[in-house]
Amino acid sequence: MTAMDISIHSTFLPHTDPEASLAFYRDVLGFEVRNDVGGGTMRWITVGPAGQPGTSIVLHPPVVDPGVTDDERRVVNEMMAKGTYAMIVLATKDLDGAFERLQSGDVEIVQEPTEQPYGVRDFAVRDPAGNMVRVNEIR
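Start counting the sequence shown at 1; every next residue gets the next number (UniProt numbering).
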């Protein structure tokens, strides 16, 4: 079987406060804003790392599908509050520099830079919506 010529284009992370999420991804992480549609809490904001136009994160309002039940909405909101609903893993060559930048801001630190037993050095923070953001060191 021949491999498909396919890549990851975008992933979706929920937001609870679009302005706070925008500030985190744009101002703290330095991502560029590629699209911003909707209004109020019903905004879909596409961000991504500068120089990597083929990779994006779409920040979206959680559980807006009309087929979601109240119980499902409650569970998703509870999981988001605990930081167990969504996660993304980023990577950088300067892990310590990235950690210092995040630590100096108003960012919830979950784990300081750590050499993991499975061969990865990383740290973890939560974005304003509670999503887990892990950052791996590129070696």
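Don't be surprised by glycine CBs; every beta carbon is placed ideally from N, CA and C.
Buried versus exposed, by CB contacts within 10 Å (16 or more), residue i
i, result
"Ser7", "exposed"
"Asn131", "buried"
"Val125", "buried"
"Ile57", "buried"
"Ser21", "buried"
"Gly67", "exposed"
"Tyr118", "exposed"
Cβ-based neighbour list, residue i, same chain, cut-off 6 Å, excluding 5 preceding and 5 following
i, result
"Tyr25", "Phe31 and Val47"
"Asn35", "Thr46"
"Arg43", "Pro18"
Start and end residues, beta strand (DSSP E) containing residue i
i, result
"Ser7", "Element bounds for Ser7: n/a, residue is neither H nor E."
"Asp27", "Counting along the chain, Asp27 falls outside any beta strand (DSSP E), and DSSP gives it neither H nor E."
"Gly54", "Run containing Gly54: none; DSSP gives neither H nor E here."
"Gly119", "Neither: Gly119 is in no beta strand (DSSP E) and is coded neither H nor E."
"Thr46", "Met42 to Gly48"
Continuous alpha helix (DSSP H) stretch holding residue i: start and end
i, result
"Met132", "Premise fails: Met132 lies in the beta strand (DSSP E), Met132 to Glu137, not in any alpha helix (DSSP H)."
"Ala91", "Note, Ala91: premise wrong, no alpha helix (DSSP H); beta strand (DSSP E) at Met87 to Thr92."
"Met80", "Asp70 to Lys82"
"Gly97", "Leu95 to Gln103"
Option in the options with minimal Cα separation from residue i
i, options, result
"Val89", "Thr69, Pro61 and Leu13", "Leu13"
"Ser10", "Val37, Ala50 and Gly54", "Gly54"
"Ile138", "Gln103, Met80, Asp94 and Asp106", "Asp94"
"Gln111", "Asp122, Tyr118 and Gly105", "Asp122"
"Val107", "Pro66, Ala91 and Val133", "Val133"
"Thr41", "Val33, Val64 and Val75", "Val64"
"Ala91", "Ala3, His60, Asp5 and Leu29", "Leu29"
Nonlocal neighbours in the same chain, by C-beta distance under 8 Å from residue i, ignoring five residues either side
i, result
"Val120", "Asn136 and Glu137"
"Gln116", "Asp122"
"Met80", "Pro14, Thr16, Pro62, Ala86, Ala129, Gly130 and Asn131"
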